[in-house]
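J.: Sequences listed follow chains A, B, C, D, E and F, in order.
If you count the first sequence from 1, position 18 lands on 18 in the working numbering, and the numbers rise without skipping.
For the working numbering, count along the second sequence from 1 and bump the result up by 155.
For the working numbering, count along the third sequence from 1 and bump the result up by 310.
For the working numbering, count along the fourth sequence from 1 and bump the result up by 465.
For the working numbering, count along the fifth sequence from 1 and bump the result up by 620.
For the working numbering, count along the sixth sequence from 1 and bump the result up by 775.
Provided herewith is a single structure, encoded as structure tokens, for subsequent inquiry.
Number of protein chains: 6
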Amino acid sequence: MKKIALFPGSFDPFTKGHENVIQKASKIFDEIIIGVGENSTKNSLFSLDSRVRHIESIYATTPDIYVVSYSKKLTVELCTELGAPFIIRGLRDVKDFEYERSIAQMNHSLERHIETVFLVTDPEFNHINSTIVREISKNGGVIADFVTNSEILVK
Amino acid sequence: MKKIALFPGSFDPFTKGHENVIQKASKIFDEIIIGVGENSTKNSLFSLDSRVRHIESIYATTPDIYVVSYSKKLTVELCTELGAPFIIRGLRDVKDFEYERSIAQMNHSLERHIETVFLVTDPEFNHINSTIVREISKNGGVIADFVTNSEILVK
Amino acid sequence: MKKIALFPGSFDPFTKGHENVIQKASKIFDEIIIGVGENSTKNSLFSLDSRVRHIESIYATTPDIYVVSYSKKLTVELCTELGAPFIIRGLRDVKDFEYERSIAQMNHSLERHIETVFLVTDPEFNHINSTIVREISKNGGVIADFVTNSEILVK
Amino acid sequence: MKKIALFPGSFDPFTKGHENVIQKASKIFDEIIIGVGENSTKNSLFSLDSRVRHIESIYATTPDIYVVSYSKKLTVELCTELGAPFIIRGLRDVKDFEYERSIAQMNHSLERHIETVFLVTDPEFNHINSTIVREISKNGGVIADFVTNSEILVK
Amino acid sequence: MKKIALFPGSFDPFTKGHENVIQKASKIFDEIIIGVGENSTKNSLFSLDSRVRHIESIYATTPDIYVVSYSKKLTVELCTELGAPFIIRGLRDVKDFEYERSIAQMNHSLERHIETVFLVTDPEFNHINSTIVREISKNGGVIADFVTNSEILVK
Amino acid sequence: MKKIALFPGSFDPFTKGHENVIQKASKIFDEIIIGVGENSTKNSLFSLDSRVRHIESIYATTPDIYVVSYSKKLTVELCTELGAPFIIRGLRDVKDFEYERSIAQMNHSLERHIETVFLVTDPEFNHINSTIVREISKNGGVIADFVTNSEILVK
């Protein structure tokens with residue numbers, strides 16, 4: 001049976017850190033679906049459509065990696081619809097870890113068959129943080145060092 | 156002299172984790188007042204009135220546990236008005252701990268006679284987090300596993 | 311019914327931070343027993359006997375605060391023997407918090423009627439750490455700023 | 466190709482928390498090898514032989530889960546010998562997370578093809594900590610609530 | 621060559637904790653420029669103009685400490701304009717530390733010659749937190765214990 | 776006046792992470808003295824003499840960087856003897872940060888004129904941890920990726 005995993009996130013924007021997570025996850029799973037979510041409480045800097053196209057540009061020629069967008073839906077529901085019993089999350093720092101642990105445990109409460117797998121990036125990507133990338137972009141800085149194909153992103 | 160403690164929070168919503176804190180605190184204090192605050196910087200998902208009625212429904216028949224709401228008032232002022240020299244706070248994770256420590260220390264600077272007591276929930280409630288409960292509720296998920304009498308809450 | 315609490319620790323040595331915890335706890339509980347433990351895995355710098363006499367010297371004239379020593383016994387057993395259903399612990403930093411949370415939860419698993427209450431010191435005592443006090447003492451430094459009656463302690 | 470993962474640890478002792486990690490990992494990997502290590506810097510409470518037999522007793526009838534012991538060998542070397550390109554680690558708290566992240570990143574530096582996968586236990590196992598289990602055992606407490614088949618373990 | 625450092629922040633408001641950082645930094649650097657930033661994502665409680673005048677009032681007679689305001693500009697750009705290759709940041713707690721580490725590392729990626737220096741306040745200022753000071757001020761509390769010349773600040 | 780700083784540590788062994796800290800510190804200070812300490816509670820893997828010669832080999836031709844060893848002496852005493860009012864410490868993770876903050880604050884209590892300056896390494900060195908390097912070395916692994924001139928170190 002094919003092992004399918006969902007990598008959900010707002011990806012505002014998708015960074016080289018996220019790419020590094022996908023690269024590691026693709027050794028473990030047979031198929032990976034990147035789920036780009038509309039965040040209900042925060043405005044995103046880049047439009048949902050632009051974020052999806054940006055990620056598609058990175059994986060255009062990579063087999064077994066797909067991109068979907070979703071909104072007003074639980075992550076565990078999306079997993080069920082997609083037949084993906086695994087959720088992938090990258091861990092960068094302690095703050096991430098605690099929040100992700102709670103979400104993983106609550107998702108498991110909602111759907112007992114869904115498990116979350118955590119990966120840490122290689123050290124050279126550890127400091128890349130979408131929040132700070134957005135701040136740099138808003139203040140006119142160049143983000144190409146942190147984001148592949150950054151020219152595709154539209155604010 | 157009766158030992159009276161205030162358990163302040165936004166309780167948006169009041170979860171089984173909060174219930175577990177109250178259960179432990181009621182062994183220590185003679186009377187507990189649950190203070191439901193209007194958060195000045197964030198919009199709440201459930202109305203203040205609905206949050207108060209929800210908590211009242213849980214403790215309707217429990218003696219020595221009361222519910223009040225407050226806004227535009229310091230927590231230490233509310234303590235003084237209520238004759239409650241103790242503040243109860245639940246600690247779930249590291250992020251909580253650091254913020255709560257600063258608030259406890261600043262409250263003690265403002266009113267030297269007020270002390271804060273911290274409790275940790277039993278492990279099975281450790282992951283229950285109001286922020287994630289709200290996300291589940293907003294996305295149409297069922298929150299009854301995490302919140303007693305959740306049908307009373309009105310968005 | 312009198313509310314009795316145990317404050318267990320190795321107190322190697324008992325610092326002004328611990329004193330600050332006792333001062334806060336004495337507002338909440340009717341009687342406090344300071345339990346000085348023999349640590350099974352680490353050698354202490356100050357002898358168990360010296361640590362007990364040091365703490366007794368600090369509370370010689372304070373009613374309702376007692377000192378006992380214990381070894382080869384679970385903390386929850388000591389609580390049961392002493393009729394103390396509450397455990398007091400001071401929280402200084404994140405590392406403390408996580409370890410203390412696990413111990414509190416495991417103690418509660420072992421004896422369901424025992425609850426742990428956490429207190430944070432006032433800011434001016436937050437940095438006082440027995441491990442560092444020991445290092446200073448071992449290297450010939452003066453520890454009187456951090457430890458009351460430090461001249462009583464014998465290595 | 467079969468996906469084989471190593472779950473290394475000192476397992477002094479193997480707890481219900483570790484069991485929970487194995488249960489989750491067995492959904493992801495085709496074969497899991499539990500590697501019981503001799504810790505070079507700390508004395509273990511239970512003998513290496515006893516720890517191995519204890520874990521074997523738990524998985525005696527479970528297919529695709531094996532137990533090996535190792536000493537004076539890098540974890541990445543053991544992976545290579547066993548043909549296991551994945552390392553499984555459980556994350557319980559923040560302290561774990563930071564140390565595990567460094568080890569995972571250093572292991573990846575040593576052998577670029579080896580990836581570490583992190584799992585978090587379900588909330589009811591989150592507080593179970595081998596260090597505290599050892600303390601309980603040393604002080605004569607009963608550890609059966611935290612360790613399956615604990616009667617097999619020999620100090 | 622004169623060593624010039626920038627101390628950037630939103631300083632909403634500038635607290636006694638920030639003063640303590642400046643006092644320490646002034647022993648290390650020859651000249652310090654306090655850069656008051658307009659935060660692009662959060663509304664400030666005190667106006668930018670009021671925040672600048674408040675800090676100027678504190679350092680009116682101190683040589684080698686200057687105040688500037690900036691907006692829509694990267695911190696590293698401001699450093700370059702001012703000829704300040706050092707950034708000073710205060711560290712209060714773990715949450716600060718992780719975010720500050722990422723920002724320092726990303727700033728160093730953007731401009732390799734810029735280094736960030738971290739200082740921790742003395743213990744008696746460790747709990748002073750601008751976010752909590754703002755909450756106190758919004759709810760009508762007195763902030764003079766935490767902020768020098770607080771009467772100058774205008775909401 | 777020349778600004779002299781002490782970089783104290785056990786350096787068991789001195790890694791590329793430490794080198795990165797020195798490189799940054801040398802932009803701030805005029806002279807740096809690396810103080811190699813004998814740890815009173817832990818056995819070191821590499822001899823004190825070997826650790827000193829190893830570090831000297833790295834900075835043999837670098838002006839204004841010196842190496843000393845010390846034992847049974849407080850760090851602040853060494854600072855006073857050397858005329859170095861600044862202490863440099865590298866911060867890698869949260870656990871480091873909390874311990875280092877306490878030590879910095881206690882050192883400042885002991886000698887009010889001594890200040891500690893914290894630096895974070897560049898991301899590619901963030902995971903290099905002497906404890907893990909020692910584990911690798913003890914188990915026969917090659918540490919040349921993490922330690923310059925590692926062939927000079929003698930166990």
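Beta carbons: idealized from backbone N, C-alpha and C, even for Gly.
This one's a predicted model, so the numbers in the text were calculated from it and none came from an experiment.
Measuring alpha carbon to alpha carbon, tell me which residue in 282/B, 266/B, 268/B and 260/B is nearest residue 108/A.
T.: For the purposes of this step, residue 108/A is taken as the residue at position 108 of the first sequence. Out of 282/B, 266/B, 268/B and 260/B, 282/B has the C-alpha closest to the C-alpha of residue 108/A.
J.: Could you work out which residue in 751/E, 749/E, 736/E and 743/E is closest to residue 724/E when comparing CA atoms only?
T.: As a working note, residue 724/E is residue 104 in the fifth sequence. Of 751/E, 749/E, 736/E and 743/E, the residue nearest in Cα terms is 736/E.
J.: In the DSSP output, which residue or residues are listed as bridge partners for residue 315/C?
T.: The residue labelled residue 315/C in the question sits at position 5 within the third sequence. The partner list for residue 315/C (beta bridge, DSSP) reads 342/C and 396/C.
J.: Assuming residue 531/D contacts residue 499/D under a Cβ cut-off of 8 Å, what Cβ separation, rounded to an integer in Å, is found between them?
T.: Locating residue 531/D in the fourth sequence gives position 66, counting from the first residue. Locating residue 499/D in the fourth sequence gives position 34, counting from the first residue. Between residue 499/D and residue 531/D the Cβ distance is about 7 Å, and since that is below 8 Å, they are a contact.
J.: Using the beta-carbon of each residue, which ones in chain B are nearer than 9 Å to residue 486/D?
T.: In the fourth sequence, residue 486/D corresponds to position 21, counting from 1. What residue 486/D touches in chain B: nothing, since even the nearest Cβ is about 16 Å away.
J.: At 4 residues or longer, what runs of the alpha helix (DSSP H) sit wholly inside the region 572-611 of chain D?
T.: List check, alpha helix (DSSP H) in window: 595-603.
J.: Just grab the DSSP bridge partners of residue 530/D for me.
T.: The sequence position of residue 530/D within the fourth sequence is 65, counting from 1. The partner list for residue 530/D (beta bridge, DSSP) reads 497/D.
J.: Please report the straight-line C-alpha distance between residue 750/E and residue 524/D, rounded to a whole angstrom.
T.: For the purposes of this step, residue 750/E is taken as the residue at position 130 of the fifth sequence. For the purposes of this step, residue 524/D is taken as the residue at position 59 of the fourth sequence. One C-alpha to the other measures close to 54 Å.
J.: Can you check whether the C-beta of residue 464/C is within less than 8 Å of a C-beta belonging to chain F?
T.: As a working note, residue 464/C is residue 154 in the third sequence. Judged by the 8 Å Cβ criterion, residue 464/C is not in contact with chain F.
J.: Please state the DSSP three-state secondary structure of residue 823/F.
T.: The sequence position of residue 823/F within the sixth sequence is 48, counting from 1. The answer is helix: DSSP assigns residue 823/F an H, G or I state.
J.: Using alpha carbons as the reference points, say which of 649/E, 664/E, 625/E and 624/E lies closest to residue 757/E.
T.: Taking the fifth sequence and counting its residues from 1, the one referred to as residue 757/E is at position 137. Per the Cα distances, 664/E.
J.: Ordered along the chain, which non-local residues of its own chain (more than five positions away) have a Cβ less than 8 Å from that of residue 720/E?
T.: Indexing the fifth sequence from 1 puts residue 720/E at position 100. These residues qualify, in order along the chain: 709, 711, 736 and 738.
J.: To be precise: take each residue of the region 108-132 of chain A, compare its Cβ to all Cβ atoms of chain E, and keep it if any distance is under 9 Å. Which residues remain?
T.: Those residues of the region 108-132 of chain A that come within reach of chain E (Cβ to Cβ, closer than 9 Å) are 126, 127, 128, 129, 131 and 132.
J.: Quick check: is the beta carbon of residue 562/D nearer than 8 Å to any beta carbon in chain A?
T.: For this step, residue 562/D is matched to residue 97 along the fourth sequence. Interface residue, yes.
J.: In angstroms with no decimal places, state the Cα-to-Cα distance between residue 715/E and residue 526/D.
T.: On the fifth sequence, residue 715/E is found 95 positions in, with the first residue counted as 1. On the fourth sequence, residue 526/D is found 61 positions in, with the first residue counted as 1. Going from the Cα of residue 715/E to the Cα of residue 526/D covers about 46 Å.
J.: Report yes or no: do three or more beta-carbon pairs, one from the region 475-486 of chain D and one from the region 606-615 of chain D, lie closer than 8 Å?
T.: Because the criterion of three Cβ pairs below 8 Å is met, the region 475-486 of chain D and the region 606-615 of chain D touch.
J.: Run through DSSP, which three-state label would residue 834/F get?
T.: In the sixth sequence, counting from the first residue as 1, residue 834/F sits at position 59. It is coil, neither helix nor strand.
J.: Among 265/B, 248/B and 261/B, which one has its Cα closest to the Cα of residue 102/A?
T.: The residue you call residue 102/A lines up with position 102 of the first sequence. With distances taken between Cα atoms, residue 102/A lies closest to 248/B.
J.: Got a sec: which bits of the region 694-715 of chain E sit with their beta carbon under 9 Å from any beta carbon on chain C, in order along the chain?
T.: Those residues of the region 694-715 of chain E that come within reach of chain C (Cβ to Cβ, closer than 9 Å) are 713 and 714.
J.: Take residue 152/A as the anchor and find which of 87/A, 55/A, 23/A and 3/A has the nearest alpha-carbon.
T.: Taking the first sequence and counting its residues from 1, one reaches residue 152/A at position 152. Among 87/A, 55/A, 23/A and 3/A, the Cα nearest to that of residue 152/A is on 55/A.
J.: Decide if residue 277/B is buried, meaning its Cβ has at least 16 other Cβ atoms within 10 Å, or exposed.
T.: For the purposes of this step, residue 277/B is identified with residue 122 of the second sequence, where counting begins at 1. Label assigned to residue 277/B: buried.
J.: Can you tell me which residues form a DSSP beta bridge with residue 657/E?
T.: If you number the fifth sequence from 1, residue 657/E lands on position 37. 690/E.
J.: Helix, strand or coil for residue 388/C per DSSP?
T.: Start at 1 with the first residue of the third sequence, and residue 388/C comes out as number 78. If DSSP states are grouped into helix, strand and coil, residue 388/C belongs with the helices.
J.: Out of 57/A, 132/A and 63/A, state which residue places its alpha-carbon closest to the alpha-carbon of residue 718/E.
T.: Translated into the one-based positions of the fifth sequence, residue 718/E becomes position 98. The shortest C-alpha separation from residue 718/E is found at 132/A.
J.: Here's a check: name, in chain order, each residue in its chain whose Cβ is nearer than 6 Å to the Cβ of residue 236/B, leaving out the five neighbours to either side.
T.: As a first step, residue 236/B must be located in the second sequence, where it is residue number 81. Nothing listed; no residue qualifies.
J.: Beta-carbon within less than 7 Å of residue 24/A's beta-carbon, same chain only, minus the 5 sequence neighbours each way: which residues are those?
T.: Sequence index remark: in the first sequence, residue 24/A carries index 24 (1-based). Same-chain partners within the cutoff: 119.
J.: Can you name, in chain order, every residue of its own chain whose Cβ lies under 7 Å from the Cβ of residue 517/D, other than the five neighbours on each side?
T.: Along the fourth sequence, one-based indexing puts residue 517/D at 52. Correct list, in chain order: 501, 532 and 534.
J.: Using DSSP bridges, identify the partner residues of residue 246/B.
T.: As a first step, residue 246/B must be located in the second sequence, where it is residue number 91. Beta-bridge pairing links residue 246/B to 275/B.
J.: Can the beta-carbon of residue 338/C be found less than 8 Å from the beta-carbon of residue 183/B?
T.: Numbered from 1 along the third sequence, position 28 holds the residue referred to as residue 338/C. Numbered from 1 along the second sequence, position 28 holds the residue referred to as residue 183/B. Cβ atoms of residue 338/C and residue 183/B: closer than 8 Å.
J.: Residues of chain A with CB closer than 8 Å to the CB of residue 300/B, please, in chain order.
T.: Translated into the one-based positions of the second sequence, residue 300/B becomes position 145. Ordered by position in chain A, the residues that pass the 8 Å Cβ test against residue 300/B are 109 and 110.
J.: Between residue 451/C and chain F, is the shortest Cβ-Cβ distance under 8 Å, so that the two count as touching?
T.: As a position in the third sequence, residue 451/C is number 141, starting the count at 1. By this cut-off, residue 451/C is an interface position.
J.: Taking DSSP as the reference, what is the three-state secondary structure of residue 464/C?
T.: Along the third sequence, read from residue 1 onward, the residue named residue 464/C stands at position 154. Correct three-state label for residue 464/C: coil.
J.: Give the residues from the region 823-845 of chain F that approach chain E closer than 9 Å (Cβ to any Cβ), ordered along the chain.
T.: Those residues of the region 823-845 of chain F that come within reach of chain E (Cβ to Cβ, closer than 9 Å) do not exist; the list is empty.
J.: Under 7 Å from any heavy atom of the ligand FMN, does the C-beta of residue 344/C make it?
T.: The model depicted lacks the ligand FMN and carries no ligand whatsoever.
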